[in-house]
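For the sequence shown, counting from 1, position 77 maps to 77 in UniProt numbering; every step adds exactly one.
All C-beta atoms in this analysis are idealised placements derived from N, C-alpha and C, irrespective of residue type, glycine included.
It should be emphasised that the depicted structure is a prediction, and the values quoted were computed from it without experimental measurement.
One structure is given here, and the rest of the page talks about it.
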Amino acid sequence: MDFAKAIDNLHKILTNEEKFAEINKAIFDAIDTDNSGTLERDEVESFIKGLLRGVHTDESGLNNGDFEDRHRIVFALLDENESGEITLDELGKFLRELFKEQIKELQEALERDKLKGQGGLNTGIQNKHFSDEI
Numbered sequence: 001m002d003f004a005k006a007i008d009n010l011h012k013i014l015t016n017e018e019k020f021a022e023i024n025k026a027i028f029d030a031i032d033t034d035n036s037g038t039l040e041r042d043e044v045e046s047f048i049k050g051l052l053r054g055v056h057t058d059e060s061g062l063n064n065g066d067f068e069d070r071h072r073i074v075f076a077l078l079d080e081n082e083s084g085e086i087t088l089d090e091l092g093k094f095l096r097e098l099f100k101e102q103i104k105e106l107q108e109a110l111e112r113d114k115l116k117g118q119g120g121l122n123t124g125i126q127n128k129h130f131s132d133e134i
């Protein structure tokens, strides 16, 4: 993965309000399956389960109880006003923080890679959203 390019693309997303709004809305719409304009618990749970599809309990260490606990924590973090629903703005705040955290993690990985003298990992796995040009 080209860490520098991924970092640059995340910076572009965070500094371009129009692009960020477009990505936020696309993610929101993908989760809002009933098109209500808010995200309910079951929609968020279904989305998270979809993301984790193919991850086996023995590999992840998560059983159903653990998943439920983590889902409640994630939902509570997203639902800032404790309304029981997540708005587009609440999701946007979460995504901004998530992208900032990803930048930090990528910068750390880039530094580790530089220390190894490799300049970049080539794992064959590319995150299309963050490693391609925006």
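Item	Value
Residues sharing a beta bridge with residue 95, DSSP	In the DSSP output, where bridge partners are listed per residue, residue 95 has none listed.
Bounding residues of the alpha helix (DSSP H) (the contiguous stretch that carries residue 86)	First-last for residue 86: undefined, no H or E at that position.
Residues that DSSP places opposite residue 39 in a beta bridge	86
Chain-order list of residues whose beta-carbon lies under 8 Å from that of residue 79 (same chain, five-residue window excluded)	85, 86, 90
Contact under 9 Å by Cβ, residue 9 with residue 92	no
Proximity winner among 72, 109, 115, relative to residue 7 (alpha-carbon distances)	109
Nearest candidate by alpha-carbon position, reference residue 15, set 117, 99, 45, 115	99
When 21, 31, 41 are compared against residue 73, the one with the closest alpha-carbon	41
Three-state class that DSSP yields for residue 33 in the structure shown	coil
Three-state class that DSSP yields for residue 80 in the structure shown	coil
Straight-line gap, residue 97 to residue 33 (C-alpha atoms, nearest Å)	24 Å
Closest by C-alpha distance to residue 3, when choosing among 106, 28, 37, 29	106
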